[in-house]
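**Q** Numbering-wise (this note's numbering), the sequence shown opens with residue 112 and increments by one. Below you will find the structure I want to go over with you.
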Amino acid sequence: MSYEQFAYLYDELMKDAPYDQWVQFVKDMMTKYDVVPAPRLLDLACGTGELSVRLAKAGFDVTGIDLSEDMLAVALAKAETEGIKIPFFQQNMANLEGQGQFDVIGIFCDSLNYLQTEDEVIATFTTVIQHLQDKGLFIFDVHSIYKVNDVFVNQTFALNEDNVSYIWNSFPGEEPNSVEHELSFFVLDERSGKYDRVDELHYQRTYPVQQYISWLESAGFKLVEIIADFIDAKPRESSERILFVAKKK
Numbered sequence: 112m113s114y115e116q117f118a119y120l121y122d123e124l125m126k127d128a129p130y131d132q133w134v135q136f137v138k139d140m141m142t143k144y145d146v147v148p149a150p151r152l153l154d155l156a157c158g159t160g161e162l163s164v165r166l167a168k169a170g171f172d173v174t175g176i177d178l179s180e181d182m183l184a185v186a187l188a189k190a191e192t193e194g195i196k197i198p199f200f201q202q203n204m205a206n207l208e209g210q211g212q213f214d215v216i217g218i219f220c221d222s223l224n225y226l227q228t229e230d231e232v233i234a235t236f237t238t239v240i241q242h243l244q245d246k247g248l249f250i251f252d253v254h255s256i257y258k259v260n261d262v263f264v265n266q267t268f269a270l271n272e273d274n275v276s277y278i279w280n281s282f283p284g285e286e287p288n289s290v291e292h293e294l295s296f297f298v299l300d301e302r303s304g305k306y307d308r309v310d311e312l313h314y315q316r317t318y319p320v321q322q323y324i325s326w327l328e329s330a331g332f333k334l335v336e337i338i339a340d341f342i343d344a345k346p347r348e349s350s351e352r353i354l355f356v357a358k359k360k
């Protein structure tokens, strides 16, 4: 999947994402499960580095990895602007190489749902455990089946602002519990005063909660927390975001 121009729009479109909640959740889990102070944290599918920078400011020793060169260029510029040194690498999260081991590995903001096959999810869990210290934490979130099928599918979303607008249509994917997002962005060119159109297609797929648990256990993890929507409660049928915390045995 190419993010090319989308990378430079991403922060504007994600400005309401729960970044602060993610930072606090990671800190809470670190305290609860006795992770070492100032832990090494690997931010997989880090995108434009917004969360990487916030985690670094919160005291984590952060490394960021993403598949998109354009996203990483934005992330690096952002870290430099903030005066923070974060190493960023272009790699596939299902096949990490040469990164050593970390105390915490996170896949945030439903990025795991961009993997298109079960084998890719399994491979990601396998490579994550290989890069975790003993008793290290793996933290990630996914869209619930309810969100994919009842919130996204066959829905249209729109944004209309001065500098950027979009129309976002979501359709059923070919696989069960999957969705295709067709996005058309209209971005103001300040030099000409005209709007440029950028079209993107994004695919996401999710699985039942029990399936994720089974894959985690098969990879060698022990599930220690599962909550929904940043609320300290078990997922319900109407929950939209499922958060998992697993520990390397």
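Note that beta-carbon positions come from the ideal geometry of N, C-alpha and C, so glycine has one too. No experiment lies behind these values; they were computed from the predicted model shown.
Relative to the alpha-carbon of Q210, which residue among I176, T317 and K333 has its alpha-carbon at the smallest distance?
**A** Within the sequence shown, numbered from 1, the residue matching residue 210 stands at position 99. Nearest C-alpha to Q210: I176.
**Q** Answer with buried or exposed for E161, where buried requires no fewer than 16 other C-beta atoms within 10 angstroms of its C-beta.
**A** For the purposes of this step, residue 161 is taken as residue 50 along the sequence shown, with counting starting at 1. With 16 or more Cβ atoms within 10 Å of its Cβ, E161 is classed as buried.
**Q** Just mark N274 as buried or exposed, buried being the case when its beta carbon has 16 or more other beta carbons within 10 Å.
**A** As a position in the sequence shown, residue 274 is number 163, starting the count at 1. Flag for N274 reads exposed.
**Q** What is the DSSP secondary structure of F171, counted as helix, strand or coil?
**A** Position 60 of the sequence shown holds residue 171. Here F171 sits in coil by DSSP.
**Q** Can you give, in chain order, each stretch of the beta strand (DSSP E) that sits fully within the region 186-264 and has at least 3 residues?
**A** Within the region 186-264, the complete beta strand (DSSP E) runs of at least 3 residues are 199-201, 213-218 and 243-254.
**Q** Here's the rule: buried if 16 or more other CB atoms are within 10 angstroms of the residue's CB, otherwise exposed. What is K282?
**A** Residue mapping note: residue 282 aligns to position 171 of the sequence shown, counting from 1. Note on identity: in this sequence residue 282 is Phe, with Lys being the wrong assignment. It counts as exposed.
**Q** Would you list the one or two residues that DSSP bridges to T267?
**A** Position 156 of the sequence shown, counted from the first residue, corresponds to residue 267. For T267, which the question treats as bridged, DSSP gives the partners N280.
**Q** With respect to the alpha helix (DSSP H) encompassing A136, which residues constitute its N-terminal and C-terminal limits?
**A** Translated into the one-based positions of the sequence shown, residue 136 becomes position 25. Looking at the sequence itself, residue 136 is Phe, so the reference to Ala does not match. Where F136 is concerned, the enclosing alpha helix (DSSP H) stretches over Y130 to K143.
**Q** Pick helix, strand or coil for D122, following the three-state DSSP scheme.
**A** The residue you call residue 122 lines up with position 11 of the sequence shown. Reduced to three states, the DSSP call for D122 is helix.
**Q** When you compare the CB positions of A169 and I195, do they come within less than 7 Å of one another, or not?
**A** Mapped onto the sequence shown, residue 169 falls at position 58. Mapped onto the sequence shown, residue 195 falls at position 84. No, Cβ-Cβ distance for A169 and I195 is not below 7 Å.
**Q** Please confirm if E301 has its CB atom under 7 Å from at least one CB of chain E.
**A** No chain E appears in this structure, which consists of one protein chain only.
**Q** Taking the C-alpha atoms as reference points, what is the distance between A330 and Y257?
**A** Against the sequence shown, residue 330 aligns to sequence position 219. Against the sequence shown, residue 257 aligns to sequence position 146. The alpha-carbon atoms of A330 and Y257 are separated by roughly 26 Å.
**Q** What separation, rounded to the nearest whole angstrom, lies between the Cα atoms of R99 and H254?
**A** Examination of residue 99 is not possible in this model, given that the chain is present from 112 through 360 alone.
**Q** Should E180 and Q201 be called a contact, given that it needs their Cβ atoms to be closer than 7 Å?
**A** Walking along the sequence shown from the start, residue 180 turns up at place 69. Walking along the sequence shown from the start, residue 201 turns up at place 90. Closer than 7 Å, so yes.
**Q** Can D214 and P150 be called in contact, C-beta distance under 7 Å?
**A** Within the sequence shown, numbered from 1, the residue matching residue 214 stands at position 103. Within the sequence shown, numbered from 1, the residue matching residue 150 stands at position 39. Cβ atoms of D214 and P150: closer than 7 Å.
**Q** Go ahead and label N265 buried or exposed: buried means 16 or more other beta carbons lie within 10 angstroms of its beta carbon, across all protein chains shown.
**A** Numbered from its first residue, the sequence shown carries residue 265 at position 154. The residue in question, N265, is exposed, as its Cβ has fewer than 16 Cβ neighbours within 10 Å.
**Q** Going along the chain, which residues of its own chain have a beta-carbon closer than 7 Å to the beta-carbon of Q227, five neighbours each way excluded?
**A** Here residue 227 refers to the residue found at position 116 of the sequence shown. Only Y314 and R316 meet the Cβ criterion.
**Q** Whole angstroms is fine: what's the gap from P346's alpha carbon to D221's?
**A** Walking along the sequence shown from the start, residue 346 turns up at place 235. Walking along the sequence shown from the start, residue 221 turns up at place 110. So the two alpha carbons sit approximately 16 Å from each other.
**Q** Does DSSP put S349 in a helix, a strand or coil?
**A** The residue given as residue 349 occupies position 238 in the sequence shown. In the structure shown, S349 sits in coil (DSSP, three-state: anything other than H, G, I, E or B).
**Q** Starting from the C-beta of T362, find all residues in its chain whose C-beta is less than 6 Å away, skip the five residues before and the five after it, and write them out in chain order.
**A** Residue coverage of the chain in this structure runs from 112 to 360, which leaves residue 362 outside it and unanswerable.
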